[in-house]
Structure formats: C-alpha cells, structure tokens
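These notes are about the structure you will find just below.
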Amino acid sequence: MTSTRPSTTHRTTLADLPKGARATILGMPESASQMITQHMHRLAELGFLPGEVVRVVALGIPTGDPIAVRLGRATFALRRFEAALIEVEMPPRHGRTS
Numbered sequence: 001m002t003s004t005r006p007s008t009t010h011r012t013t014l015a016d017l018p019k020g021a022r023a024t025i026l027g028m029p030e031s032a033s034q035m036i037t038q039h040m041h042r043l044a045e046l047g048f049l050p051g052e053v054v055r056v057v058a059l060g061i062p063t064g065d066p067i068a069v070r071l072g073r074a075t076f077a078l079r080r081f082e083a084a085l086i087e088v089e090m091p092p093r094h095g096r097t098s
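Take the sequence shown: its position 49, counting from 1, is numbered 49 in the numbering used here, and each next residue is one higher.
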C-alpha cells in the first residue's frame, strides 16, 4: 500500500531560498550588533514579520544579489545580507512512502 504524507519542514534563511520558493517567516536573530539591529527594524517596518509568507521572484545576475522578494502585494529588492537575517520555514514536501 502506498500513502502520501508530508515530510518535515525545512528551516533556513530567506537568502538561501531558490527562485520561486515560498516560505513562512519565523523571525530574525535576537542578538545582533547595532548596525544589524537597525536593518532588522527596517525589515520589520516593511512587513517582514513572523507568520508572513514570502516568495523569491528573482535573483540578481551574476551573484544572486539583490534578491527580489514578494511579500503580500509588494515586491522588495533585498541585499543578500539583509535576506540572511530573515529566518524562514519552507512548507513540507509531500512524499510517497510504502
């Protein structure tokens, strides 16, 4: 008998997602330098908050910087180091087991 069941979710950062990937924001690091904290506050003000769903729509050529990210009905260009501050969880993949 074959069944379909979800596998475990995958946690990573927004910077590590491939083009087209969707993920749910988990949060940002709690401790960081003052400069990094300023970037995190800016991202939060833009709406990059826990529970929000994001999608990578494009990667800059040739280095993948910046990253175009869709959040709600808005698209943002984030520098790779900013995207690396945002911890995300990808939805479970469905796999077949016997």
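Where a beta carbon is used, it is the ideal one built from N, C-alpha and C, also for glycine.
Spatial neighbours of H10 in its own chain (CB-CB distance under 6 Å, excluding positions within 5 residues in sequence) are listed in chain order as M90. For E82, the uninterrupted alpha helix (DSSP H) run begins and ends at R80 to A83, by DSSP.
A direct Cα-to-Cα measurement between A23 and P50 gives close to 11 Å. Going by DSSP, M90 is part of the beta strand (DSSP E) stretching over E87 to M90. Your pair V57 and R70 checks out as a contact, with CB atoms roughly 5 Å apart and the cut at 8 Å.
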